[in-house]
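Just so you know, the protein sequences line up as chains V, L and F, in that order.
Residue numbers are given in numbering that gives the first Met the number 0: position 170 of the first sequence equals residue 169, and the series is strictly consecutive.
Residue numbers are given in numbering that gives the first Met the number 0: position 43 of the second sequence equals residue 42, and the series is strictly consecutive.
Residue numbers are given in numbering that gives the first Met the number 0: position 94 of the third sequence equals residue 93, and the series is strictly consecutive.
Written below as structure tokens is the structure these notes are about.
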Amino acid sequence: MDQKLDCFENEAFNRGRSLWVEAIWRLVSFIIFENSLVHPYFIKRVILRIFGASVGRNVLIKPNVKITFPWKLAVADNTWIGERVWLDNLDQISIGKNVCISQGAYLCTGNHNYKIETFDLITQKIIIEDDVWIGAMAIVAPGVVIGRSAVLGMGSMAASDLEPNTVYLGNPAARIRNRD
Amino acid sequence: MDQKLDCFENEAFNRGRSLWVEAIWRLVSFIIFENSLVHPYFIKRVILRIFGASVGRNVLIKPNVKITFPWKLAVADNTWIGERVWLDNLDQISIGKNVCISQGAYLCTGNHNYKIETFDLITQKIIIEDDVWIGAMAIVAPGVVIGRSAVLGMGSMAASDLEPNTVYLGNPAARIRNRD
Amino acid sequence: MDQKLDCFENEAFNRGRSLWVEAIWRLVSFIIFENSLVHPYFIKRVILRIFGASVGRNVLIKPNVKITFPWKLAVADNTWIGERVWLDNLDQISIGKNVCISQGAYLCTGNHNYKIETFDLITQKIIIEDDVWIGAMAIVAPGVVIGRSAVLGMGSMAASDLEPNTVYLGNPAARIRNRD
């Protein structure tokens, strides 16, 4: 199988906003989001809403968080996004209430069809239900649904859906026990 | 199990310094530690000692290192802290002599009690004994003791104590041989 | 086994350029490469060639890429280097045509002889053949050859050579299927 990256196909992909809006977002993100300085949480919530995100009450976004497209993000009340998290939302990422995404976690919505030469971009949504804990440095793959109250351990990799109320660990993540 | 993050409980947690000191540290860290520019090692040692760290002779701290609370850090002589390492020391991290922490490693001291609604913060110390090598991009979990002369391979995850003089690899890390 | 890091031995290691050139590269990298701002691809290609890299046509280097020594890098036509990739090329890294190195991947060429007190630096080349896809947050170890059209899955760790036209996943990476 050859990849012809000069014939790369991403026509089905919709960035969701003009390149001008994206450029302004990148600059704002550089100044306010993607560095170690501490800015008030409410300012970050307001900025994200201006750029089209749905952001609930008491959402806490720590320093050095990267959000690729805020207009493809929904985060419900009381949820935390930890330091150095990357929400790589080429497609929609929907995060429920009372979710903790710990530091350094990476949520990926972009994939490629590696069985064809044009290496087509495939984007798939991620859904994180209420009361989930995604551990530090964990990875969530495109298309994954994390069931309510599930726990994904530190440094683990969720390549497929996680059952509700269950604890997973390892790369790839394996079920290790019920949460209760 | 529900998490009520608006009722989050961390009363047992002592940041160790006032928020003013922490704010000054964050600014100093932003300017001197958390970027790719090269600053003299002795200046970094002096700054860390001013902020309460115990730092031995010839300790080398490479660019882009993040230390959450320097007042909860002890590093002995001849130890190296590599580029892009994050010592996330909400609790004490004690590192012995002649230790190599390679680039991108992450040492985590913060955990949560995910069996109760208030999702209590639990911090646990990390102890790294003399002559240890923590490989690039490796992860060390809260409460772990890394025994003398142990080796944790690149990209591996130590979720429990490592035996002295032993080489571990994988996520989660498995014993693969004696070091000698 | 003791490590005597104050007797560290790296005499066999050749940085390849003077410390002056390295210092200028670090500054240029800080301004143009290692941040989230978007700079034109052709400017990055020209800069890398000035610093001794071999860079083919249509090579795309995204923001926030770290290249330790550009004079030890060869990248052929139509290849992509994703955001937050780190090419840690203390030794030569050679990347073929039509290769996709996805975001956050880490390619490591530096190792240590942990069986002797002087902890000697050992560098080993990495070769990535044509049409390979290295997934997001994946790790490639020193000395590894990634065979033509192989795929290394997201968050996986290649500690040894990968067969051509084969898909690998996990840490350590295991063969899961043929690519076709």
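Idealized CB from N, CA, C, for every residue including glycine.
Residue i versus residue j: straight-line alpha-carbon distance, rounded
i        : j        : result
V/Leu72  : V/Ala52  : 5 Å
L/Ile6   : F/Arg48  : It is Cys, not Ile, that sits at residue 6 of chain L in the sequence shown. Each residue's alpha carbon lies about 56 Å from the other.
F/Trp24  : F/Gly146 : 31 Å
L/Lys65  : L/Met0   : 34 Å
L/Ile80  : V/Thr117 : 43 Å
F/Leu168 : F/Arg174 : 7 Å
L/Val37  : L/Pro62  : 6 Å
L/Thr67  : V/Ser101 : 15 Å
V/Phe41  : V/Asn57  : 8 Å
F/Ser93  : F/Arg14  : 17 Å
L/Asn170 : V/Trp85  : 21 Å
F/Val166 : V/Tyr105 : 22 Å
F/Arg16  : V/Val74  : 49 Å
V/Gln91  : V/Val54  : 13 Å
V/Ile133 : V/Leu151 : 5 Å
L/Ser159 : V/Gly95  : 31 Å
V/Trp70  : L/Gln2   : 27 Å
V/Asp76  : L/Leu4   : 9 Å
L/Lys114 : L/Asp129 : 35 Å
F/Ala172 : L/Ala172 : 14 Å
V/Lys124 : L/Pro39  : 46 Å
Within-8 Å CB hit, residue i to chain L
i        : result
F/Cys99  : no
F/Ser93  : no
F/Met153 : no
V/Arg174 : no
F/Ala52  : no
F/Ala11  : no
F/Asn63  : no
F/Arg25  : yes
V/Leu168 : yes
Interface flag, residue i vs chain V, CB-CB below 8 Å
i        : result
F/Arg14  : no
L/Asp87  : yes
L/Ile31  : no
F/Asp119 : no
F/Ser28  : no
L/Ala135 : no
L/Arg180 : Any property of residue 180 of chain L remains undetermined from this structure, which presents chain L solely from 0 to 179.
L/Ala104 : no
L/Asp90  : no
F/Asp5   : no
L/Ile138 : yes
F/Arg178 : yes
Own chain partners of residue i with C-beta closer than 6 Å, once the 5 adjacent residues on each side are dropped
i        : result
F/Val98  : Thr78, Ile127 and Val131
F/Asn9   : Leu120
L/Phe12  : Leu120
F/Glu21  : none
V/Lys43  : Ile60
L/Gly103 : Arg83, Ala135 and Met136
Cβ of residue i within 8 Å of any chain F Cβ
i        : result
L/Arg161 : According to the sequence shown, residue 161 of chain L is Leu rather than Arg. No, no contact with chain F.
V/His111 : yes
V/Tyr40  : no
L/Asp191 : Any answer about residue 191 of chain L is impossible in this case: the structure gives chain L only from 0 up to 179.
V/Asp129 : no
V/Pro171 : yes
L/Val150 : yes
L/Val37  : yes
V/Arg56  : no
L/Trp70  : no
L/Leu18  : no
Contacting residues, own chain, Cβ-Cβ under 7 Å from residue i (five flanking each side not counted)
i       : result
F/Ile46 : Val27 and Ile31
F/Glu33 : Asn63 and Lys65
Nearest-angstrom Cβ-Cβ length linking residue i and residue j, presumed shorter than 8 Å
i        : j        : result
V/Ala135 : V/Met153 : 5 Å
V/Leu89  : V/Thr122 : 5 Å
V/Ser35  : L/Phe29  : 5 Å
Contacts around residue i, its chain only, beta-carbon distance under 8 Å, and the 5 residues preceding and following it disregarded
i        : result
F/Asn164 : Gly146, Arg147, Ser148, Ala149, Asn177, Arg178 and Asp179
F/Trp19  : none
V/Lys87  : Here residue 87 of chain V is Asp; the residue named in the question, Lys, does not match the sequence. Closer than 8 Å at Cβ, skipping near neighbours: Lys65, Thr67, Tyr105, Leu106, Cys107, Thr108 and Gly109.
Check your understanding: So, do the segment 107–117 of chain F and the segment 135–144 of chain F have three or more beta carbon pairs nearer to each other than 8 Å?
Key -> Segments in contact, yes.
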